[in-house]
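Data first, discussion second: the structure below is written as structure tokens.
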Amino acid sequence: MRLARVITVLVFVASAAAMVSCEREERGFRVSPPSADRINATTESELHPGPAVPVVEVKNEYEENAYAVSQGKQLFDQYNCTGCHSHGGGGMGPPLMDEKWIYGSRPEQIFSTIVEGRPNGMPSFRGKIPDYQVWQLAAYVRSMAGLVSKDVAPARDDDMSGKQPESSTEKMQPKPSGGIPKSAEMPQ
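Numbers in our numbering are just positions in the sequence shown, counted from 1, shifted up by 58.
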């Protein structure tokens, strides 16, 4: 009788220990945005005011998350980026689907362009858009140029526009523009 009780207690303790030691599967539904420190090195031209600033490359984790890139696509429409960039093909603003990037194509450069703005048209969204949404927008902008993995880029539009999905964009290496065009320079 006493042996049966000891065995019952040992089985109970072993099963309780097994249940406590099991961990639940961790899923990446909430990806942390990159460091939101302001980055000042944004241009890829030969013109640099003041001393050279070392390039700090930032890895945007949102570029590896299909949901975040899809959210960036929705934000692109909601913040009316299409009004100037016309779904990435260019309009009043420069196209985002070609290999010419005036201010650079790295994630931190796109982040800085959105937050700081650019002369002659690109408004500053500092304090108007949360940093994590700016990183989602940057991930989507890079997807339009084929700079993110095809399995992450949005595969279809939610409307009936008939435009090719970003996942079918050819991957191309951005070329330095050779400087800021005359039309984008600050008036003297």
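Even glycine gets a Cβ: it sits at the ideal position worked out from N, Cα and C. Note that the structure is predicted; figures quoted are calculated from it, not measured.
Separation of residue j from residue i, as counted between CA atoms
i, j, result
"residue 188", "residue 75", "44 Å"
"residue 139", "residue 182", "12 Å"
"residue 174", "residue 184", "6 Å"
"residue 151", "residue 195", "16 Å"
"residue 291", "residue 154", "Nothing about residue 291 can be read from this structure; the chain reaches only from 59 to 246."
"residue 127", "residue 157", "20 Å"
"residue 83", "residue 234", "A caution first: residue 83 carries a pLDDT of 48, below 50, which makes its placement in the model too unreliable to give a value."
"residue 211", "residue 72", "47 Å"
"residue 191", "residue 66", "55 Å"
"residue 230", "residue 163", "11 Å"
"residue 227", "residue 186", "30 Å"
"residue 206", "residue 200", "6 Å"
"residue 115", "residue 166", "7 Å"
"residue 125", "residue 141", "24 Å"
"residue 198", "residue 134", "8 Å"
Cβ-based burial, residue i [other Cβ within 10 Å; buried from 16]
i, result
"residue 168", "buried"
"residue 202", "buried"
"residue 171", "buried"
"residue 118", "buried"
"residue 160", "buried"
"residue 60", "exposed"
"residue 177", "exposed"
"residue 121", "buried"
"residue 147", "exposed"
Paired residues, beta bridge with residue i - DSSP
i, result
"residue 233", "158"
heavy atom of the ligand NAP below 7 Å from residue i C-beta
i, result
"residue 142", "Summarising the ligand content, the structure contains no ligands, and the ligand NAP is consequently not present."
Alpha helix (DSSP H) runs wholly inside the stretch 123–196, at least 4 long, in chain order
124–136, 140–143, 165–174
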